[in-house]
Amino acid sequence: MSQVELTAALLRSVALPGRYVGGELNEIVKPDENAADGHRLLRFALCFPDTYEIGMSNLAMRILYDVVNREEELAGERVFAPWTDMVEAMQKHDLPLFSLESKRPLDEFDCVGFTLSYELSYSAVLALLKLGRIPLRTAQRGESDPIVIAGGPVTYNIEPMAPFFDVVQIGESEEILPELLHLLREHRVKGNLSRAEFLLQAAQIEGCYVPSLYDVSYLEDGRIAAITPLAEGVPSQVKKRIVADLDAAPFPEKPLVPNIGIVHDRISLELFRGCPRGCRFCQAGQIYRPVRERSPEQLAIQLKQLLANSGYDEAGLLSLSTSDYSRLPELMDTLFSVIGEDKINLSVPSLRIDQFSLELMERISRTRKSGLTFAPEAGSQRLRDVINKGIDETEILEGMEKAFLGGYAGAKLYFMLGLPTETDEDVAGIPDLVYKMLGIHRRLKDEGHRLRKPEITVSTALFIPKPFTPFQWVPQATQSSLNHKVSILRDRLKSRAVKYNWHDQETSLWEAVLTRGDRRLADVLEAGLDAGIYLNSWEEFFDLEIWRELMERFGLDLDFYVYRERDRDEILPWDVIDIGVKKEFLWREYEKAIRAELTMPCGDFCSFCGVQHLAAPICVQGAQAVRASKKQEGASL
Amino acid sequence: MTPPVDPSNNRVQVLRFRLVWGGPLVWVAHLDRMRALERAILRAGLPVAFSQGYNPRPQLVFALPSGVGVSSRAEYVDVSLGREVDAEQAAQALNSSLPKGIEVLGVTEIPVELATHVMSQVRISDYVLQRSGISSRFLPLLEREDLTVMKFSKGKERPLNIRPLILEVRAESEDRLLLRRLAGSRENLRPDLLLLALRQFAGDTEADETSIERRDLWILPEKGARALVRPIALAGETEEIVWDGE
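So the protein lines, in turn, are chains A and B. Counting in numbering that gives the first Met the number 0, the first sequence runs from 0 upward without gaps. Counting in numbering that gives the first Met the number 0, the second sequence runs from 0 upward without gaps.
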């Protein structure tokens, strides 16, 4: 094996050399030895197309590192995107991209896998392949080249990157990856399968999508005519694969403890996957269905082990909607009994603004009172109903009143602009809501309560229609209408107690192209690499004009992807994927959205989204509802 | 099993550890080194005392943290504890929890009232510079009276003549140089400036390849003392440095 040598001069020439040296606590470096079957280990490079600090904060990276290295025949090592100073230094010293563990060049791995969390990281994927000296396209790779795979939430529509990946995992990789890598070992290590044979067999593993085994044809107007499997045994739709029982799923008991500060520098406890809410703008709420919880007992065991094995003093509770965890009070009791008198902080990401969440905040902020973060998402009740946010103004204002009384100065409020059916009146609802909050503050003060000076931060992001949501057919709001809406808010949020932040539009526009994009965009992405585009998710490296020019060069139109309304019957690029939730359900939800009709969260109620068929034994609530409806049918017969 | 961390913020005992600092953590900055040590202390279950206030932190003080890219056989840290423990046992527990490349060389108990004192006691530190041909490149520099380099610190660049800060240099071999220099909170020579001087005054384009290790650190044990000592002397380390300064 060759090893990239990181000389003192190289490390002294870059900022943050700690990013590149590895050697953290609980790192796993497997020796170059044979497995019990007499064959060498399969070498897997677990890549994250962003910096060390971001990639190490990604829970999937940590889970997969553990999942792969638990297997005797597999060795998983980490690769992150070097910062531009390191890229320059590597080019100067003629060094290829390498792994942190054994400093092995990327092209000496059997499999190179990318965890993809956001579309803007696509350019970094291509750049990393290039730095790793691996042919970019699956069609250019030969028998001796690594197999390049991907996984993560954006792979539900991976079409713009389809020509670059040999295999794409659809669903939760801890279920799929070991099976896929064991099959790959037959090809790469034992030589029992050719590359083509491997790909054909991989396409038959549940949750594996092999893009090169599908042909996509287009109509003259640019819409898709058909998506056709190219070989026998290749499914016409790839079904997502998920973990049935989170308590039984492997988790890393000995977490890697980074040597430099990272973005989320704490223990992560994953409470549950999926979300019962069904907000109509939210992709995660659909693709992660159904809800699957970890038990409080299991989470307590994890917390105890993770604290002892890491020395961290903070644990974050992760889920899509913490206050929806079904046994939250019990969980809190259990976790606090693990923490005891130790100086350990618990933290939660954004919460719903309801009574329950405030009590939760009160309990967890024993030592530190961090800020409150709430996401009403839309300013008017009508629009909150359109997106099925399921929270009304009274609840929001009551929540805020309790927060003021509980010693909080205010909250960070997140909203989206450009939601379907949004009018200026809806937008004006945002300042109305904020001033009502400030009014409550004034009233409480007049009543003699001692409060902190009010501080409310309003942040708006631009709504981007996502695949596999009820809004997957709608056009994105135009830039001029968004500018207009931002200016409404800037004018009306001029109080000293209010701070207003808005998100950059240009990156959102490119994300919008990619998220609902098709395979033809691959040429544009490759040309972007040639134009030197790399860490595109960093605003300092983003330039929309380059993308506009490149799209034009390939005869593609940004408006086609971003501002076009799709028909109900249009074949969408991601129709090749089956997430369980049915297209008919999404359309039904879209129609309800236009009528501003609510859909109840999963629970006592089942909206028959379709996932109950994909995962009948797992979707407990769905299964119950199905049984109940059958009983009813029986009764009415 | 490790004892539970004492909840009280009271400092009842202070242990001074001498550490070897090597491996990947050589390449991280002081704040990250600090955090790595805090976590090791928590894993070891030492009853470290926490600071009071909004954001309580474990109480530890580095005598003189070595910079990024500098390894050390004389990294000293004073750790305040909220409950009394046996020093040797604490050293063992810490040793087994330390990350790769870091090791406890010695431990001693110091008076509680000196818990945060050590930084102001540091006067001198000794370094070993190693690289092929380092001696013949470096020694001629000492004949100059002026070795002014630009020191970049706290976002500002300032000229600094490092020559007066170098007390003594001895070539052990062509490839290995021992260097004694002033250190501490008043006058301090950062070792990376030596590399800068090599590049600037000896035209040494490969200066950055030089490995730098701190060999020793010397403190003035009390006001008016006439000799500098090591904060913790290992077996065989008996010498002192005569000192007539403050």
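C-beta atoms are modelled at their ideal positions from N, C-alpha and C, and glycine is treated no differently.
Check	Outcome
Output needed in chain order: residues of the region 254-266 of chain A with a Cβ under 7 angstroms from some Cβ in chain B.	Val256, Asn258, Ile259, Gly260
Using only CA atoms, which one of A:Phe373, A:Ala374, A:Lys388 lies nearest to A:Gln380?	A:Lys388
Quick one: is A:Arg552 buried, meaning 16 or more other Cβ sit within 10 Å of its Cβ, or exposed?	exposed
Can a CB atom of chain A be found closer than 9 angstroms to the CB of B:Thr209?	yes
Give me the Cα-Cα distance between A:Ile570 and A:Arg61, rounded to the nearest whole angstrom.	36 angstroms
For A:Trp638 and A:Thr459, which I take to be in contact (beta-carbon distance under 8 angstroms), what is that distance rounded to the nearest angstrom?	Here chain A comprises residues numbered 0 to 636, so residue 638 of chain A is not present and cannot be evaluated.
Report yes if the C-beta distance between A:Leu198 and A:Val166 is below 9 angstroms; otherwise report no.	yes
Under a CB-based cut-off of 9 angstroms, is B:Ser96 close to chain A?	yes
In or out: A:Arg653 buried (at least 16 other Cβ within 10 Å) or exposed?	No answer is possible for residue 653 of chain A: the residues shown for chain A start at 0 and end at 636.
Assign A:Gly409 to one of two classes, buried (16 or more other C-beta atoms within 10 Å of its C-beta) or exposed (fewer than that).	buried
Just the C-alpha distance for A:Thr468 and A:Leu481, rounded to the nearest angstrom, thanks.	21 angstroms
Could you confirm whether any beta carbon from chain B is found closer than 9 angstroms to the beta carbon of A:Ser356?	no
Alpha carbon to alpha carbon, what distance is there between B:Val117 and B:Glu248?	Nothing can be reported for residue 248 of chain B: it is not among the residues displayed for chain B, which extend from 0 to 245.
What is the residue span of the alpha helix (DSSP H) that A:Ile429 lies within?	423-445
With DSSP run on the structure shown, which of helix, strand or coil describes B:Ser7?	Unreliable placement is indicated for B:Ser7, whose pLDDT of 44 sits below 50; the coordinate value is still reported in the next sentence. Note: B:Ser7 maps to coil in three-state DSSP.
When the Cα atoms are used, what is the spatial distance from A:Tyr311 to A:Leu58?	16 angstroms
Hey, A:Leu119 and A:Glu76: beta-carbon distance below 9 angstroms or not?	no
At the 9 angstroms Cβ level, is B:Leu59 part of the contact set with chain A, yes or no?	no
Can you list, in chain order, the stretches of the beta strand (DSSP E) that have 3 or more residues and sit fully within the region 280-340 of chain A?	313-317
I'd like to know whether the C-beta atoms of A:Arg451 and A:Tyr499 end up nearer to each other than 9 angstroms.	no
To which residues does DSSP link B:Arg157 through a beta bridge?	B:Lys150
Does DSSP classify B:Pro2 as helix, strand or coil?	Low confidence applies here, because B:Pro2 scores a pLDDT of 43, under 50, leaving its location unreliable and the question unanswered by this model.
Could you have a look at A:Asp214 and say whether DSSP puts it in helix, strand or coil?	strand
Residues of chain A with CB under 7 angstroms from B:Trp26, in chain order?	Leu10, Pro16, Gly17, Val20
Does any residue of chain A have a CB that is nearer than 9 angstroms to the CB of B:Lys99?	yes
Grab me the residues of B:Ser7's own chain with a C-beta within less than 6 angstroms of its C-beta, minus the 5 sequence neighbours each way, in chain order.	Model confidence at B:Ser7 stands at a pLDDT of 44, short of 50, so the residue's coordinates are unreliable; what they give is reported in the following sentence. Excluding sequence neighbours, B:Ser7 sits near Gly81.
Please confirm if the region 30-46 of chain A is in contact with the region 74-88 of chain A, defined as three or more CB-CB distances below 8 angstroms between the two stretches.	yes
Please list, in chain order, the residues of the region 43-68 of chain B that have any C-beta partner in chain A closer than 8 angstroms.	Phe49, Tyr53, Asn54, Pro55, Val67, Gly68
Would you please state the rounded distance, in angstroms, between the beta carbons of A:Phe113 and A:Pro48? I believe it to be under 8 angstroms.	6 angstroms
Listed from N- to C-terminal order along the chain, which residues in the region 309-337 of chain A have their beta-carbon within a distance smaller than 9 angstroms of any beta-carbon of chain B?	Ser309, Gly310, Tyr311, Asp312
Evaluate A:Tyr287 with the Cβ neighbour count: other Cβ atoms within 10 Å of its Cβ, from every protein chain shown; 16 or more gives buried, anything less gives exposed.	buried
Is A:Ser635 helix, strand or coil when you go by DSSP?	With a pLDDT of only 41 at A:Ser635, under 50, the local geometry of the prediction cannot be trusted, and no value is derived from it.
Three-state secondary structure (DSSP) at A:Tyr208?	strand
Can you list, in chain order, the stretches of the beta strand (DSSP E) that have 3 or more residues and sit fully within the region 58-132 of chain A?	73-79, 110-114
Quick check: the region 149-163 of chain B against the region 83-103 of chain B, are there 3 or more CB pairs under 8 angstroms?	no
Since B:Ser135 is in the alpha helix (DSSP H), which residue starts that stretch and which ends it?	133-137
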